[in-house]
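S.K.:
Protein chains: 2
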Amino acid sequence: MNRQVILRERPTGAVSDATTSFVESPLPTCGDDQALVRVGMLSIDPTIRTWMNDAPGYLAPIAVGEVVRSSGAGVVVESRSPRYHVGDVVFGMTGWQEWVVADAANPFTVLPRGLGLDLATVLNVLGVTGMTAFFGLVDVGVMKSGDVVVVSGAAGATGSVVGQLARARGASKVVGIAGGPQKCAEVVEFYGFDECLDYRETGLSRRLHQACPQGIDVYFDNVGGPVLDAALSNVAMHARVVLCGAISQYNDAGAGIANTSMLIMRRARMEGFIILDYVARFDEARAELATLLARGELAHREHLVRGLENAPLALNLLFSGGNHGKTLVVVDDAVTLS
Amino acid sequence: MNRQVILRERPTGAVSDATTSFVESPLPTCGDDQALVRVGMLSIDPTIRTWMNDAPGYLAPIAVGEVVRSSGAGVVVESRSPRYHVGDVVFGMTGWQEWVVADAANPFTVLPRGLGLDLATVLNVLGVTGMTAFFGLVDVGVMKSGDVVVVSGAAGATGSVVGQLARARGASKVVGIAGGPQKCAEVVEFYGFDECLDYRETGLSRRLHQACPQGIDVYFDNVGGPVLDAALSNVAMHARVVLCGAISQYNDAGAGIANTSMLIMRRARMEGFIILDYVARFDEARAELATLLARGELAHREHLVRGLENAPLALNLLFSGGNHGKTLVVVDDAVTLS
Numbered sequence: 002m003n004r005q006v007i008l009r010e011r012p013t014g015a016v017s018d019a020t021t022s023f024v025e026s027p028l029p030t031c032g033d034d035q036a037l038v039r040v041g042m043l044s045i046d047p048t049i050r051t052w053m054n055d056a057p058g059y060l061a062p063i064a065v066g067e068v069v070r071s072s073g074a075g076v077v078v079e080s081r082s083p084r085y086h087v088g089d090v091v092f093g094m095t096g097w098q099e100w101v102v103a104d105a106a107n108p109f110t111v112l113p114r115g116l117g118l119d120l121a122t123v124l125n126v127l128g129v130t131g132m133t134a135f136f137g138l139v140d141v142g143v144m145k146s147g148d149v150v151v152v153s154g155a156a157g158a159t160g161s162v163v164g165q166l167a168r169a170r171g172a173s174k175v176v177g178i179a180g181g182p183q184k185c186a187e188v189v190e191f192y193g194f195d196e197c198l199d200y201r202e203t204g205l206s207r208r209l210h211q212a213c214p215q216g217i218d219v220y221f222d223n224v225g226g227p228v229l230d231a232a233l234s235n236v237a238m239h240a241r242v243v244l245c246g247a248i249s250q251y252n253d254a255g256a257g258i259a260n261t262s263m264l265i266m267r268r269a270r271m272e273g274f275i276i277l278d279y280v281a282r283f284d285e286a287r288a289e290l291a292t293l294l295a296r297g298e299l300a301h302r303e304h305l306v307r308g309l310e311n312a313p314l315a316l317n318l319l320f321s322g323g324n325h326g327k328t329l330v331v332v333d334d335a336v337t338l339s
Numbered sequence: 002m003n004r005q006v007i008l009r010e011r012p013t014g015a016v017s018d019a020t021t022s023f024v025e026s027p028l029p030t031c032g033d034d035q036a037l038v039r040v041g042m043l044s045i046d047p048t049i050r051t052w053m054n055d056a057p058g059y060l061a062p063i064a065v066g067e068v069v070r071s072s073g074a075g076v077v078v079e080s081r082s083p084r085y086h087v088g089d090v091v092f093g094m095t096g097w098q099e100w101v102v103a104d105a106a107n108p109f110t111v112l113p114r115g116l117g118l119d120l121a122t123v124l125n126v127l128g129v130t131g132m133t134a135f136f137g138l139v140d141v142g143v144m145k146s147g148d149v150v151v152v153s154g155a156a157g158a159t160g161s162v163v164g165q166l167a168r169a170r171g172a173s174k175v176v177g178i179a180g181g182p183q184k185c186a187e188v189v190e191f192y193g194f195d196e197c198l199d200y201r202e203t204g205l206s207r208r209l210h211q212a213c214p215q216g217i218d219v220y221f222d223n224v225g226g227p228v229l230d231a232a233l234s235n236v237a238m239h240a241r242v243v244l245c246g247a248i249s250q251y252n253d254a255g256a257g258i259a260n261t262s263m264l265i266m267r268r269a270r271m272e273g274f275i276i277l278d279y280v281a282r283f284d285e286a287r288a289e290l291a292t293l294l295a296r297g298e299l300a301h302r303e304h305l306v307r308g309l310e311n312a313p314l315a316l317n318l319l320f321s322g323g324n325h326g327k328t329l330v331v332v333d334d335a336v337t338l339s
């Protein structure tokens with residue numbers, strides 16, 4: 002049987018017991034030009050929460066009754082396709098389930114072995130998370146050597162890579178924003194940012210001004226809402242504000258942005274992106290990030306949640322701040338890259 | 002004597018009788034490398050209101066007791082500078098006063114004669130207003146042939162030029178947004194937009210969707226606030242949102258912007274600009290706009306207010322919507338280009 006987590010009803014705030022159901026369905030069969038994949042690990046990303054809303058997005062909403070959409074990795078156990086070989090560890094849209102079929106409609110990438118990296122690291126730094134950090138900073142943010150770079154969600158999976166990549170690319174100062182003293186300490190001590198500001202304390206805009214008296218050249222936003230507004234009030238001339246996600250807004254729209262006129266005063270730009278648009282250029286990013294990993298210049302941390310049935314709980318951790326590093330769900334720990 | 006309008010106290014909302022004072026001071030003298038200019042006409046722009054606030058901006062605030070800063074045109078009546086000749090009609094920062102000195106610290110541009118254009122037309126279409134429309138649409142908005150272009154403040158000086166320039170450059174549809182049925186009728190009938198939506202009616206976002214079912218490629222924003230928010234909810238993929246001014250926000254900050262996440266979903270960009278940055282490229286814009294004028298493809302309208310003492314009233318017209326075309330104050334109607 003194939004155990005699956007399906008969307009039962011659309012959540013209005015956080016995902017609750019009523020949002021998803023755990024169901025069993027027959028094992029999928031492997032047809033012509035298909036491969037059967039045993040799912041090993043799920044990548045838990047904030048965007049999954051947006052797919053649960055019945056709202057226009059960059060992908061269609063997950064239908065009620067459908068398996069929850071998710072990326073993840075697994076191993077090919079049967080193949081009738083020349084693209085996949087039994088034993089290949091593959092990455093793609095697995096969904097929250099134990100088994101999935103890879104084919105032309107749902108293609109997977111074969112992951113490289115022999116890099117000495119475990120599956121969790123690859124799903125984190127060389128997966129969607131690392132790609133998002135890279136193209137957001139380099140391509141959308143047009144980060145240049147000497148820039149003052151500020152990142153929100155700095156203790157999070159994407160934010161922690163953004164800051165370290167900015168440092169490696171010659172930022173003059175790297176400032177994180179995170180929630181609570183523990184996360185802020187980790188951002189400085191473990192991820193090596195110059196400074197980290199706690200958004201839960203008052204006066205974020207004033208404290209950003211103290212940390213960046215010449216203004217912010219690149220602001221990488223992972224949270225939206227009042228933190229984005231505080232950053233906008235501190236942009237430097239010709240600044241680039243990169244909108245990666247708005248995690249504070251996914252469960253609850255909250256207050257609006259008041260400081261857009263700073264974009265006029267400082268001739269600055271705010272631009273959103275979706276990492277799916279960069280798939281064709283992933284190798285470029287992977288090469289640079291793998292080099293930093295090999296040199297020991299890219300600290301990373303994965304937060305493993307065991308058991309498919311705990312995937313909804315893992316998703317909620319992203320919004321409660323209860324996770325610690327890139328959140329992954331281990332569906333079957335027999336699936337490894339070694 | 003030099004009659005002047007000075008800033009008496011900073012306004013909190015609209016400019017009132019207490020905001021400015023009418024004073025007389027001695028006629029300025031013309032030193033070495035200076036010219037004495039008799040002011041003929043003032044350009045009344047929304048940005049003057051922002052200079053009255055004690056807030057960080059792209060120029061320092063006007064000091065209390067100082068002549069109100071403003072651009073305008075005048076005629077050289079005495080010159081001890083090789084740059085200026087007696088009789089030259091010049092454009093620059095005149096301030097709200099009858100006489101001003103042109104020198105290296107306050108340089109003026111000599112306006113061309115013989116184009117068959119009157120001073121009001123030149124101050125409008127070939128002045129800061131036309132330059133703002135051109136560089137906002139072409140440079141910041143990167144408008145391409147076939148684009149769907151939406152402009153707020155469409156009956157206003159800048160907006161009306163933006164729409165006509167978009168049409169001339171091959172826009173597939175040009176939609177205006179303005180306040181009230183009369184202005185909307187003028188936008189379509191006099192300025193030739195395809196359609197104009199009244200922001201005072203409800204459901205602007207829905208009506209924008211009806212007018213632009215494929216989404217907005219370039220949105221040129223002159224007003225900010227809820228109109229900007231409605232446009233953001235309708236951006237097309239890779240749209241460019243040009244922030245030119247936020248006239249609805251100058252007197253009163255109002256509600257924030259809620260739809261920034263559409264910039265992510267649609268991989269769109271929002272960017273502000275200040276026309277002072279483009280001074281070196283004004284000739285490029287003037288050539289194109291003068292050609293459209295000569296062909297009769299650029300309708301324009303000037304709203305003349307007579308008398309320096311009425312400059313504060315003229316400024317308020319911009320915010321009450323009581324003006325009808327580019328607002329100019331006639332200080333001395335003997336100053337002409339003919």
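Which chain is which? The protein sequence lines are W and F, in order. Each residue of the first sequence is one higher than the one before, counting from 2 in my numbering. Each residue of the second sequence is one higher than the one before, counting from 2 in my numbering. Quick reminder that beta carbons are idealized off the backbone N, C-alpha and C, glycines included.
1) Taking the alpha helix (DSSP H) that F:H210 belongs to, which residues open and close that run?
2) As an exercise, report each continuous beta strand (DSSP E) stretch of at least 3 residues that is fully enclosed by the stretch 219–283 of chain W, in chain order.
3) In the DSSP assignment, what are the bridge partners of F:R307?
4) From W:A36 to W:V78, what distance separates their C-alpha atoms?
5) Leaving out the 5 sequence neighbours to the left and right, which residues in its chain are closer than 7 angstroms to F:A315 when beta-carbon positions are compared?
6) So which residues on chain W does F:R207 lean against when the C-beta distance must stay under 9 angstroms?
7) Name the DSSP bridge partner or partners of W:R9?
8) Once DSSP output is grouped into helix, strand and coil, what is the label at F:D140?
9) Which of the residues in the stretch 270–285 of chain F, read from start to end, lie with their CB under 7 angstroms from any CB of chain W?
10) Using DSSP bridges, identify the partner residues of F:S153.
11) Please report the residue range of the beta strand (DSSP E) in which F:T21 lies.
12) With a Cβ-Cβ cutoff of 9 angstroms, do W:F92 and W:S71 count as a contact?
13) On the criterion of 16 or more Cβ atoms from any shown chain inside 10 Å, does W:M2 qualify as buried, or is it exposed?
14) Can you tell me which of W:S321, W:N311, W:I258, W:S262 puts its alpha carbon nearest to the alpha carbon of W:M238?
15) Please report the residue range of the beta strand (DSSP E) in which F:G326 lies.
16) Can you say whether F:E187 is buried or exposed, counting buried as having 16 or more other CB atoms within 10 angstroms of its CB?
17) Is the CB-CB distance between W:A158 and W:G322 below 9 angstroms?
18) Since F:M266 meets chain W, which of its residues come closer than 8 angstroms, beta carbon to beta carbon?
19) Assuming F:E99 contacts F:V40 under a Cβ cut-off of 8 angstroms, what Cβ separation, rounded to an integer in Å, is found between them?
20) Spell out the partners DSSP gives F:T337 in its beta bridges.
21) Against chain W, which members of the stretch 224–244 of chain F pass a CB distance test of less than 8 angstroms?
22) Output yes or no for whether 9 angstroms exceeds the beta carbon distance between F:V68 and F:V6.
23) Starting from W:L345, trace the alpha helix (DSSP H) both ways and give me its first and last residue.
24) Roughly how many angstroms separate the alpha carbons of F:R50 and W:L8, rounded to a whole number?
25) Looking at the C-beta of W:A134, does it have a partner C-beta in chain F at a distance below 9 angstroms?
26) Mapping the DSSP letters down to three states, classify W:A15 as helix, strand or coil.
27) With a threshold of 9 angstroms between beta-carbons, can W:A259 be considered close to chain F, or not?
28) Give me the subset of the stretch 5–17 of chain F whose CB atoms are less than 8 angstroms from a CB atom of chain W, sorted by chain position.
29) Less than 9 angstroms separating the beta-carbons of F:G160 and F:A134?
30) Looking at the C-beta of F:A61, does it have a partner C-beta in chain A at a distance below 9 angstroms?
31) Taking DSSP as the reference, what is the three-state secondary structure of F:C197?
32) By DSSP, does F:W52 sit in helix, in strand, or in coil?
33) For F:V77, list the residues DSSP reports as bridge partners.
34) Considering only C-alpha positions, which residue in the set F:M266, F:E298, F:W97 is nearest to F:V126?
M.R.: In this structure, then:
1) The residue you call residue 210 of chain F lines up with position 209 of the second sequence. Element bounds for F:H210: 205–212.
2) 236–244, 270–273
3) The sequence position of residue 307 of chain F within the second sequence is 306, counting from 1. Paired residues: F:V331.
4) As a working mapping, residue 36 of chain W is identified with position 35 in the first sequence. As a working mapping, residue 78 of chain W is identified with position 77 in the first sequence. Roughly 8 angstroms separates the two Cα atoms.
5) Here residue 315 of chain F corresponds to residue number 314 of the second sequence, with the count starting at 1. The residues are I45, V306, T328, V330.
6) Taking the second sequence and counting its residues from 1, one reaches residue 207 of chain F at position 206. For F:R207, there are no neighbours in chain W by C-beta distance under 9 angstroms, as the nearest C-beta there is about 14 angstroms away.
7) As a working mapping, residue 9 of chain W is identified with position 8 in the first sequence. Answer is none; W:R9 lacks a bridge partner.
8) The residue you call residue 140 of chain F lines up with position 139 of the second sequence. Note: F:D140 maps to helix in three-state DSSP.
9) So the list reads R270, M271, E272, G273, F274, I275, D278, given in the order they occur along the chain.
10) For this step, residue 153 of chain F is matched to residue 152 along the second sequence. According to DSSP, which records beta bridges pairwise, F:S153 is partnered with F:I178.
11) As a position in the second sequence, residue 21 of chain F is number 20, starting the count at 1. Segment 21–26, the beta strand (DSSP E) holding F:T21.
12) Position 91 of the first sequence, counted from the start, is the residue given in the question as residue 92 of chain W. Position 70 of the first sequence, counted from the start, is the residue given in the question as residue 71 of chain W. No, the Cβ-Cβ distance between W:F92 and W:S71 is not below 9 angstroms.
13) Translated into the one-based positions of the first sequence, residue 2 of chain W becomes position 1. W:M2 comes out exposed.
14) Sequence index remark: in the first sequence, residue 238 of chain W carries index 237 (1-based). When only C-alpha atoms are compared, the closest one is W:S262.
15) In the second sequence, residue 326 of chain F corresponds to position 325, counting from 1. From DSSP, F:G326 is part of no beta strand (DSSP E); its letter is neither H nor E.
16) For the purposes of this step, residue 187 of chain F is taken as residue 186 along the second sequence, with counting starting at 1. Label assigned to F:E187: buried.
17) Working through the first sequence from its first residue, we reach residue 158 of chain W at position 157. Working through the first sequence from its first residue, we reach residue 322 of chain W at position 321. W:A158 places its beta carbon 9 angstroms or farther from that of W:G322.
18) The sequence position of residue 266 of chain F within the second sequence is 265, counting from 1. Per Cβ cutoff of 8 angstroms: P57, G58, Y59, G273, I275.
19) By 1-based counting over the second sequence, the position of residue 99 of chain F is 98. By 1-based counting over the second sequence, the position of residue 40 of chain F is 39. Confirmed, Cβ separation roughly 6 angstroms.
20) As a first step, residue 337 of chain F must be located in the second sequence, where it is residue number 336. None; F:T337 has no bridge partner.
21) G225, L229, D230, L244
22) Within the second sequence, numbered from 1, the residue matching residue 68 of chain F stands at position 67. Within the second sequence, numbered from 1, the residue matching residue 6 of chain F stands at position 5. It is a contact, given that the beta carbons lie within the stated cut-off.
23) Examination of residue 345 of chain W is not possible in this model, given that chain W is present from 2 through 339 alone.
24) Numbered from 1 along the second sequence, position 49 holds the residue referred to as residue 50 of chain F. Numbered from 1 along the first sequence, position 7 holds the residue referred to as residue 8 of chain W. Between F:R50 and W:L8, the C-alpha separation is close to 53 angstroms.
25) As a first step, residue 134 of chain W must be located in the first sequence, where it is residue number 133. It does not; no Cβ of chain F falls within 9 angstroms.
26) Residue mapping note: residue 15 of chain W aligns to position 14 of the first sequence, counting from 1. Residue state, collapsed to three classes: coil.
27) Counted from its first residue, the first sequence places residue 259 of chain W at position 258. Closer than 9 angstroms to some Cβ of chain F, the Cβ of W:A259 qualifies, so yes.
28) none
29) Position 159 of the second sequence, counted from the first residue, corresponds to residue 160 of chain F. Position 133 of the second sequence, counted from the first residue, corresponds to residue 134 of chain F. In this structure, F:A134 lies closer than 9 angstroms to F:G160 by Cβ.
30) No chain A is present in this structure, whose protein chains are W and F.
31) Residue mapping note: residue 197 of chain F aligns to position 196 of the second sequence, counting from 1. Note: F:C197 maps to strand in three-state DSSP.
32) One-based indexing of the second sequence puts residue 52 of chain F at position 51. Helix at F:W52.
33) By one-based count along the second sequence, residue 77 of chain F stands at place 76. In DSSP, F:V77 forms a bridge with F:V38.
34) The residue you call residue 126 of chain F lines up with position 125 of the second sequence. Per the Cα distances, F:E298.
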